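2 protein chains.
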Amino acid sequence: MVHDQLLAPDAHALVAFLDEHLGEGLCLVQIVAECEVVYVGRAASVADAGDFVVMLKADGSLQVHGYKGVKPVNWQPQADHVVVALDEGQAVLTVERRSPEEMVRIVFLETALVQALHLREGSGFVLMGSEAEMQRALASAPGLIEDGLTVLDVELPTDVGGIDLFARDAAGVLLVVELKRAKATQEAVHQLARYVGRVREVTGEPVRGVVAAPAVTKPALAALARLGLEFREVTALPDMEAPSAQPGLFAVP
Amino acid sequence: MVHDQLLAPDAHALVAFLDEHLGEGLCLVQIVAECEVVYVGRAASVADAGDFVVMLKADGSLQVHGYKGVKPVNWQPQADHVVVALDEGQAVLTVERRSPEEMVRIVFLETALVQALHLREGSGFVLMGSEAEMQRALASAPGLIEDGLTVLDVELPTDVGGIDLFARDAAGVLLVVELKRAKATQEAVHQLARYVGRVREVTGEPVRGVVAAPAVTKPALAALARLGLEFREVTALPDMEAPSAQPGLFAVP
DNA sequence: ACATGAATATTGGAT
DNA sequence: ATCCAATTTTCATGT
Numbered sequence: 004m005v006h007d008q009l010l011a012p013d014a015h016a017l018v019a020f021l022d023e024h025l026g027e028g029l030c031l032v033q034i035v036a037e038c039e040v041v042y043v044g045r046a047a048s049v050a051d052a053g054d055f056v057v058m059l060k061a062d063g064s065l066q067v068h069g070y071k072g073v074k075p076v077n078w079q080p081q082a083d084h085v086v087v088a089l090d091e092g093q094a095v096l097t098v099e100r101r102s103p104e105e106m107v108r109i110v111f112l113e114t115a116l117v118q119a120l121h122l123r124e125g126s127g128f129v130l131m132g133s134e135a136e137m138q139r140a141l142a143s144a145p146g147l148i149e150d151g152l153t154v155l156d157v158e159l160p161t162d163v164g165g166i167d168l169f170a171r172d173a174a175g176v177l178l179v180v181e182l183k184r185a186k187a188t189q190e191a192v193h194q195l196a197r198y199v200g201r202v203r204e205v206t207g208e209p210v211r212g213v214v215a216a217p218a219v220t221k222p223a224l225a226a227l228a229r230l231g232l233e234f235r236e237v238t239a240l241p242d243m244e245a246p247s248a249q250p251g252l253f254a255v256p
Numbered sequence: 004m005v006h007d008q009l010l011a012p013d014a015h016a017l018v019a020f021l022d023e024h025l026g027e028g029l030c031l032v033q034i035v036a037e038c039e040v041v042y043v044g045r046a047a048s049v050a051d052a053g054d055f056v057v058m059l060k061a062d063g064s065l066q067v068h069g070y071k072g073v074k075p076v077n078w079q080p081q082a083d084h085v086v087v088a089l090d091e092g093q094a095v096l097t098v099e100r101r102s103p104e105e106m107v108r109i110v111f112l113e114t115a116l117v118q119a120l121h122l123r124e125g126s127g128f129v130l131m132g133s134e135a136e137m138q139r140a141l142a143s144a145p146g147l148i149e150d151g152l153t154v155l156d157v158e159l160p161t162d163v164g165g166i167d168l169f170a171r172d173a174a175g176v177l178l179v180v181e182l183k184r185a186k187a188t189q190e191a192v193h194q195l196a197r198y199v200g201r202v203r204e205v206t207g208e209p210v211r212g213v214v215a216a217p218a219v220t221k222p223a224l225a226a227l228a229r230l231g232l233e234f235r236e237v238t239a240l241p242d243m244e245a246p247s248a249q250p251g252l253f254a255v256p
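In the order they appear, the protein sequences are chains U and L.
Final position of the first sequence in the numbering used here is 256; the numbers increase by one with none missing.
Final position of the second sequence in the numbering used here is 256; the numbers increase by one with none missing.
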């Protein structure tokens, strides 16, 4: 897994190391160094000298990590051009990308460590509790929202956006459902209001609107009331207090 | 910068290493290993055995990186609880967090490398081209949007959200500006329409609406036309074709 | 290539 | 603590 490693290389050694390993197949290269980072593209930024972990993956993605946070200080997704060179005695890494046109340039002032890793691809990954999954679950069991619902459509496109769930209630009234996998905010309410308004215009029928989410913010609930819309609590994941729901998977000892 | 390092440690050695270094001050710990990762919280996920780089920062944030992409396979921002233990002969790392309640659990099957780094905090970081900066620039030079504008307010709160820029045009007509630092989409148009509608209701005056952005999507432009709203091109960054705009900073040889 | 919308979004700021 | 809005959002997906 650890392919190669160099402690405290000088600029020449660093450049040679990167030249050798950057082109390689499934190689992840890391550099721990004091460096300066400049970014120009969608925005522009300058990071003065500091200690960072620079991570270069085989797909051309770059990230520069500081001492805190999940988010890198600087990054570049899927760059098409990675160049390393000696410039005035210092190793300089330039990562470029077309579309959008942007660039990260890293000057290595003092390198503590450079290493090349070989990461075999993980075999399987499963995620549960996405909004897409919620949508499927509710479409096949609309009683979770309300008894007597008949689902007419899922992800129904309108000229103001796609309606998550479109149905008719037990009384035959049209119902638009806006789905959120996390706590619903005012934005969700505005979205719903837009859809409901459009459906009313198009059909000429009365239309109910429901935000379905595990929770609502207080202002969002007030906005719903003001607009004559509704909230229904729906959870994205099976209740973890009830371990029988998904035996094995959620049983974390 | 490289505080400590262990190649191919067994489970005991790994646990001891982590116990020693995880508590330490400004310490970033990395583990390169074949492992399994389980996450339960806002959603839930399982990653089967694969090679990953696990990064633990001093602030309690965790990320698990695979062979590609800027985004980690699994992560946890600012966890409050990090525990490492031996479980059936294997090192197991558990990272927990309250609010929201969630957890990542990593079982290390075969560890290639563990290292503790000490990253001194970077001294300075400057970002240019944010929307906030655009707002300040336009507020102090509204002529960039249109001649004769008088700015009435910035970030004006209404009950349907905050208006980026509120002004009166040369003819004295109210004008609502929705600002976007990147290409404006239909979402921006809907937002603007909402603000304009609300301001019309409240003031009873005619109100113009403008999306100001470096570009618009074609559907968004159509929506603007349909709603009687306008688009104005405004760039977030000084033109990089004109290197004199910001001498030095944008001059990347 | 363009446009849209979700995300375990993360993060910072305001209330 | 809660809520909102920006983000170099990234990323997958559909057209």
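The beta carbon of each residue, even a glycine, is placed where N, CA and C say it ideally should be.
For clarity, every value in this text was computed on a predicted model and none was experimentally measured.
> In chain order, what residues of the same chain have a beta carbon less than 6 Å from the beta carbon of U/Lys183, not counting five sequence neighbours either side?
Replying inline: As a position in the first sequence, residue 183 of chain U is number 180, starting the count at 1. Closer than 6 Å at Cβ, skipping near neighbours: Ala191 and Ala216.
> Closer than 7 Å, Cβ to any Cβ of chain U: which residues of the segment 135-146 of chain L, in chain order?
Replying inline: none
>> Strictly under 8 Å for the Cβ-Cβ distance: is L/Leu195 near chain U by that measure?
In response: Taking the first residue of the second sequence as position 1, residue 195 of chain L is located at position 192. No, L/Leu195 lies away from the interface with chain U (no Cβ there is under 8 Å from its Cβ).
> To the nearest whole angstrom, what separates the beta carbons of L/Leu122 and L/Leu31, a pair I think is in contact under 8 Å?
Replying inline: One-based indexing of the second sequence puts residue 122 of chain L at position 119. One-based indexing of the second sequence puts residue 31 of chain L at position 28. With a Cβ gap of about 6 Å, L/Leu122 and L/Leu31 count as contacting.
> Which residues bound the alpha helix (DSSP H) around L/Val237?
Replying inline: Indexing the second sequence from 1 puts residue 237 of chain L at position 234. No alpha helix (DSSP H) contains L/Val237, which DSSP labels as neither H nor E.
> How many whole angstroms separate the CB atoms of U/Arg171 and U/Thr153, which I take to be in contact at a CB cut-off of 8 Å?
Replying inline: Sequence index remark: in the first sequence, residue 171 of chain U carries index 168 (1-based). Sequence index remark: in the first sequence, residue 153 of chain U carries index 150 (1-based). Correct: roughly 5 Å between the Cβ atoms.
>> Please tell me whether U/Asp7 has its Cβ less than 8 Å away from any Cβ of chain L.
In response: Within the first sequence, residue 7 of chain U is the residue found at index 4, counting from 1. Closer than 8 Å: no.
> Taking a cut of 7 Å between CB atoms, which residues from the segment 118-130 of chain L lie near chain U?
Replying inline: Leu120, Leu122, Arg123, Glu124, Gly125, Ser126, Gly127, Phe128, Val129 and Leu130
>> Quick check: the Cα distance between L/Arg101 and L/Trp78, rounded to an integer number of angstroms?
In response: As a working mapping, residue 101 of chain L is identified with position 98 in the second sequence. As a working mapping, residue 78 of chain L is identified with position 75 in the second sequence. Straight-line Cα distance between these residues: approximately 15 Å.
> What number of angstroms, rounded off, separates the C-alpha of L/Lys96 from the C-alpha of L/Ala223?
Replying inline: To locate residue 96 of chain L, count along the second sequence from 1; it is residue 93. To locate residue 223 of chain L, count along the second sequence from 1; it is residue 220. According to the sequence provided, residue 96 of chain L is Leu. The question's Lys does not apply to it. Taking the straight line joining both Cα atoms gives about 47 Å.
> For U/Lys221, is the classification buried or exposed, using 16 other Cβ atoms within 10 angstroms of its Cβ as the cut-off for buried?
Replying inline: Here residue 221 of chain U is taken as the residue at index 218 of the first sequence, counted from 1. With fewer than 16 Cβ atoms within 10 Å of its Cβ, U/Lys221 is classed as exposed.
> Taking the alpha-carbon positions, what's the L/Ala46 to L/Gly53 distance?
Replying inline: As a first step, residue 46 of chain L is located in the second sequence; it is residue number 43 there, counting from the start. As a first step, residue 53 of chain L is located in the second sequence; it is residue number 50 there, counting from the start. The straight-line gap from Cα to Cα measures roughly 21 Å.
> Would a check of beta-carbon distances place U/Phe55 closer than 8 Å to chain L?
Replying inline: The residue you call residue 55 of chain U lines up with position 52 of the first sequence. Cβ-Cβ to chain L under 8 Å: yes for U/Phe55.
>> Looking at the secondary structure, which residues open and close the alpha helix (DSSP H) in which L/Met137 lies?
In response: For this step, residue 137 of chain L is matched to residue 134 along the second sequence. First-last of the alpha helix (DSSP H) with L/Met137: Glu134 to Ser143.
> Around the C-beta of L/His68, are 16 or more other C-beta atoms found within 10 angstroms, so that it is buried, or is it exposed?
Replying inline: For this step, residue 68 of chain L is matched to residue 65 along the second sequence. The residue in question, L/His68, is buried, as its Cβ has 16 or more Cβ neighbours within 10 Å.
>> Is it buried or exposed, L/Glu39, if we count other Cβ atoms within 10 angstroms and call 16 or more buried?
In response: Within the second sequence, numbered from 1, the residue matching residue 39 of chain L stands at position 36. Answer is buried; the Cβ neighbour count reaches 16.
> How would you label L/Asp167, buried or exposed, when you count the other beta carbons within 10 angstroms and need 16 or more for buried?
Replying inline: Position 164 of the second sequence, counted from the first residue, corresponds to residue 167 of chain L. L/Asp167 should be labelled buried.
> For L/Leu178, which residues does DSSP report across the bridge?
Replying inline: The count along the second sequence starts at 1 and reaches residue 178 of chain L at position 175. L/Leu178 pairs with L/Ala170 and L/Arg211.
> Does the separation of the CB atoms of L/Ala115 and L/Ala11 fall below 8 Å?
Replying inline: For the purposes of this step, residue 115 of chain L is taken as residue 112 along the second sequence, with counting starting at 1. For the purposes of this step, residue 11 of chain L is taken as residue 8 along the second sequence, with counting starting at 1. Their beta carbons are under 8 Å apart, which means L/Ala115 touches L/Ala11 by this criterion.
>> Rounded to the nearest angstrom, what separates U/Phe20 and U/Glu105 at their Cα positions?
In response: In the first sequence, residue 20 of chain U corresponds to position 17, counting from 1. In the first sequence, residue 105 of chain U corresponds to position 102, counting from 1. Their Cα atoms are separated by approximately 25 Å.
> Between L/Asp150, L/Val43 and L/Val157, which lies nearest to L/Ala173 when the distance is taken from Cα to Cα?
Replying inline: Here residue 173 of chain L refers to the residue found at position 170 of the second sequence. Closest option to L/Ala173, Cα to Cα, is L/Asp150.
> L/Arg45 CB to nearest chain U CB: under 8 Å?
Replying inline: Taking the second sequence and counting its residues from 1, the one referred to as residue 45 of chain L is at position 42. Chain U, which has a Cβ nearer than 8 Å to the Cβ of L/Arg45, makes this yes.
> Quick one, are the C-beta atoms of L/Thr161 and L/Tyr198 less than 8 Å apart?
Replying inline: Translated into positions along the second sequence, residue 161 of chain L becomes position 158. Translated into positions along the second sequence, residue 198 of chain L becomes position 195. Yes; because the gap between Cβ atoms is below 8 Å, this pair is in contact.
> Taking Cβ-Cβ distances shorter than 7 Å, what residues in chain L pair up with U/Tyr70?
Replying inline: Position 67 of the first sequence, counted from the first residue, corresponds to residue 70 of chain U. Going along chain L in sequence order, the residues near U/Tyr70 (Cβ under 7 Å) are Leu29, Leu31, Lys60, Ala61, Leu122 and Glu124.
> Where do the ends of the alpha helix (DSSP H) carrying L/Pro222 lie?
Replying inline: For the purposes of this step, residue 222 of chain L is identified with residue 219 of the second sequence, where counting begins at 1. Start and end: Lys221 to Leu230.
> So U/Leu89 packs on U/Val18, CB below 8 Å; how close in whole Å?
Replying inline: Numbered from its first residue, the first sequence carries residue 89 of chain U at position 86. Numbered from its first residue, the first sequence carries residue 18 of chain U at position 15. Their Cβ separation, rounded to whole angstroms, is 6 Å, which keeps U/Leu89 and U/Val18 in contact under 8 Å.
>> Spatial neighbours of L/Gly165 within its chain, please: C-beta separation below 7 Å, excluding the five flanking residues on both sides.
In response: Translated into positions along the second sequence, residue 165 of chain L becomes position 162. Taken in chain order, the residues that qualify are Glu158 and Leu159.
> What's the gap between the Cα of U/Gly200 and the Cα of U/Ala185?
Replying inline: For this step, residue 200 of chain U is matched to residue 197 along the first sequence. For this step, residue 185 of chain U is matched to residue 182 along the first sequence. Distance between the alpha carbons of U/Gly200 and U/Ala185: 24 Å.
>> As a quick exercise: from L/His6, L/Gly44, L/Gly207 and L/Ala14, pick the residue whose alpha carbon is nearest that of L/Ala111.
In response: If you number the second sequence from 1, residue 111 of chain L lands on position 108. Checking the displayed sequence, the identity of residue 111 of chain L turns out to be Phe instead of Ala. Comparing Cα-Cα distances from L/Phe111 to each of L/His6, L/Gly44, L/Gly207 and L/Ala14, the minimum goes to L/Ala14.
> Going straight from the alpha carbon of L/Val4 to that of U/Gly72, what length do you get?
Replying inline: Mapped onto the second sequence, residue 4 of chain L falls at position 1. Mapped onto the first sequence, residue 72 of chain U falls at position 69. According to the sequence shown, residue 4 of chain L is Met rather than Val. Taking the straight line from one Cα to the other gives about 19 Å.
> Thinking C-alpha only, which one of U/Val85, U/Phe128 and U/Asp51 is nearest L/Val129?
Replying inline: Mapped onto the second sequence, residue 129 of chain L falls at position 126. Closest by alpha carbon: U/Asp51.
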